[in-house]
Structures are given as structure tokens and as C-alpha cells.
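To keep things clear, I will list the structure first and then write my remarks on it.
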Amino acid sequence: MGRALHLGWVVAAALGCSAASAGPDAGAAADVASSAAPDAAAPGSTAPSAALEVRWPGGQTTLSPAQLAALPAVRATVDDPNRHARATYAGAPLIAVLKAAGAAPTADATVVFHCADGYAAQTTVAQVERFAGLLAWQGGDGGPLPALPRHGGGTLDPGPFYALPTEPGATNAQHPWPYQVQRIEVVAPVGRAGRMAPPGAPADGPVARGYRVFRGNCLACHAINGQGGAVGPDLNQPLNVTEYWRPAPLRRLLADPLSVRAGSKMPGFAHLGDAALDDVLAYLAFMKDHKLGPTP
Ligand code: HEC
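So, in C-alpha cells, the structure goes:
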């Protein structure tokens, strides 16, 4: 069990949207043989209870419940790490949802699932395709999504949307199991335009490397230019963090937040190594000159 798994637990303990048990090792331990591929939708499928907002580098739209219900219907039985049991869910393929929205997803783009608690789970378009991601809003019987056990006792409603992999073996890093999804955002990879992409940064330089570190480790909780998670603050606007933090304490905050702020809710990132922390700071400093103002 590595530190990354430990981080998964920390995040899962603090936030409802991430899979409590799906750390990097969980996929290997999953009951691969017993997972089923998607099959046809249940008769009597219902429309979702809410509309879904989809944003991408060039625009945004809201898919109505009727538009979502008109997409190709998929039903899948999966080993659900959020309930530690097999369960059947129905909805539409995530890729079809992104295409219907007009997001024209490219394989290397990041897909961010914004959840009710502000957490933003993420994967890539390639992994959504590889693990046949499903945007579920119904149980296998066409009724509402069945309640999930809540961390610490009781149950919770995973709706309006539960975005899950239907092919077995996905680790949480490859395809998470975010529930209470309210909005999906496609974030541009390095070298493409986008609110949080560093414009004009050389693809192999520290800024581009730092952007990758940020997308992989920070985006779940922090936005840049209004794009990303909302558990912690936006790190670029109105002021960029490097405009009001002194370099040494900022660097220390990333490695070990509690050594700077008692009661900090942020996990530490010392395990990423000095070079990665330098890179993410280079990215943050670079974005200071690329503020885009509030999101539309
Ligand atoms: C699990 C959620 C979470 C993750 C992941 C996370 N942070 Fe944070 N971060 C927070 C929260 C919450 C705060 C608010 C202050 C606090 O609790 O310490 C914060 C505060 C900060 C601050 C201080 C902002 C300010 O205005 O004082 C910086 C800088 C920061 N985070 C950078 C990062 C970077 C860089 C990463 C990735 C390497 C990251 N965070 C990952 C939750 C997170």
C-alpha cells in the first residue's frame, strides 16, 4: 500500500464523492471475472431527475433530462466499491453524453466530475473509453438510483448522477466512482487552449510538467480561473497564490500543510518529490499572468 492509497483514504474520509475503497490497488483486487459488460437498458427507463451541465474548453451547455433520456441506454452490473457489493445501474455512456453536449472529447483531455460536496473527481477521455464509463441515473429496474452506504453510517442518495466504470479492473486513478455528480467538465491537455491550461508553455518545460502535476493532484479540490474543484479556493483569481504567499512557506504548505496551518484540511504532497513540487509552483506562478476572470 503506497502513499497514494493513503491519500485516497484521506480524501475519501473528508469528502463524499470519492470512492472510499478504490485506491490504486483496488482494481487489481477487484473480482474481475464476475463483472459483466454493459447490456441493453431495462424497459421502462426513466429520465434523470436533473439536468446536467457540461463544460469544455470552447463552451458549455446544459443537457435536459429529456435529452439525456434520449441517448443510447446502457445497463451494467458492476462490483461497486462504494457499496462493497454487486449492483446494476442504468443510464447513458459517458462518451455519448460528452458528444451529445458538443464537447468533441479528444483522448488526452481530462474529464472532471463536479460533485455536490465540491469535490471534483477526474479521469481522461481515454480511460472513460477504455473502462466504458457510464453516467447512471437509474437502478437496474429503471427506478431511482439505489442508496449508497454513507462513510461513517447511514445511507446517501448517489443522484442526480453516478459516473462509474463498467469494465472491471479500473483503479480509482484510472476511472473514479464519483456520485452526486452535478456537472462534467472537459479540461484541455497541455498545448491546447483552456481556462486552466498554461498558454504557450513549452510541452516539456517545468510549467507544462507542473500543469500535469496540478491536474493529477490538485484539480480535485482547487480551480484555476474558475475551472476545477471547489473544496479549496481558486488558486489564481482574483489574486494568484504566488502574489500573496512568500515562496518558502508556500512550498512548505504543499509538502506538509499542518506544519504551516493548524487545522488545514488539505492533504500533504511531500510524496510527489521536490521536483514535482517545484514544477507545480512554476505552473502556479506562470498562471499569475493568465487570469481570465470569472467563469461565464
Ligand atoms: C482534498 C482537497 C485538496 C487537495 C487535493 C489539494 N488541496 Fe490545497 N487546499 C485545500 C483546502 C481545503 C485549502 C484551504 C485551506 C486549508 O484547509 O488549509 C487548501 C489550500 C491551499 C493553498 C492556500 C491557498 C490560500 O489562499 O491560502 C494552496 C496554495 C494550495 N492549497 C495548493 C494546492 C496544490 C498545489 C495542490 C496539489 C499539489 C493542492 N492544494 C491539493 C484542499 C486541497
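Sequential numbering from 273 applies to the sequence shown in the working numbering. For each residue, glycine too, the CB sits at the ideal point set by N, CA and C.
With residue i and residue j assumed to form a contact (beta carbons below 8 Å), what rounded beta-carbon distance in angstroms separates them?
| i | j | result |
| --- | --- | --- |
| residue 492 | residue 375 | No, residue 492 and residue 375 are not in contact; Cβ-Cβ is about 20 Å, not under 8 Å. |
| residue 540 | residue 527 | 6 Å |
| residue 432 | residue 353 | Their Cβ separation, rounded to whole angstroms, is 20 Å, which puts residue 432 and residue 353 out of contact at 8 Å. |
| residue 620 | residue 398 | The question about residue 620 has no answer, for the chain in this structure spans 273 to 568. |
| residue 357 | residue 403 | Between residue 403 and residue 357 the Cβ distance is about 19 Å, and since that is not below 8 Å, they are no contact. |
| residue 385 | residue 450 | 4 Å |
| residue 435 | residue 453 | 5 Å |
| residue 326 | residue 496 | Incorrect: roughly 19 Å between the Cβ atoms, too far for contact. |
DSSP has residue i in a bridge; who is on the other side?
| i | result |
| --- | --- |
| residue 351 | 358 |
| residue 433 | 453 |
| residue 534 | Its beta-bridge partners do not exist; DSSP assigns none. |
| residue 545 | Looking at the DSSP assignment, residue 545 forms no beta bridge with any residue, so it has no partner. |
| residue 527 | Answer by DSSP bridge pairing: none, since residue 527 is not bridged. |
| residue 565 | Residue 565 is not bridged to any residue. |
| residue 495 | 500 |
Flag this pair as yes or no: are the beta carbons of residue i and residue j separated by less than 8 Å?
| i | j | result |
| --- | --- | --- |
| residue 366 | residue 407 | yes |
| residue 343 | residue 368 | yes |
| residue 438 | residue 383 | no |
| residue 318 | residue 410 | yes |
| residue 500 | residue 494 | yes |
| residue 470 | residue 538 | no |
| residue 467 | residue 498 | yes |
| residue 460 | residue 329 | yes |
| residue 420 | residue 427 | yes |
| residue 345 | residue 364 | yes |
| residue 390 | residue 502 | yes |
| residue 395 | residue 448 | yes |
| residue 549 | residue 523 | yes |
| residue 347 | residue 362 | yes |
Contact criterion: CB-CB distance below 8 Å. Does residue i meet it with respect to chain C?
| i | result |
| --- | --- |
| residue 344 | Included in the structure is just one protein chain, with no chain C present. |
Minimum length 4: unbroken alpha helix (DSSP H) runs contained in the segment 317-344 = 337-341
Inside the segment 437-472 only - beta strand (DSSP E) runs reaching at least 3 residues = 453-459
Inter-stretch contact at 8 Å, needing at least 3 Cβ pairs: the segment 531-538 / the segment 477-489 | no
In chain order, which beta strand (DSSP E) runs of at least 3 residues are fully inside the segment 359-428?
-> 382-387, 392-396 and 406-411
Would you call the segment 469-481 and the segment 553-565 in contact, with 3 or more CB pairs under 8 Å?
-> yes
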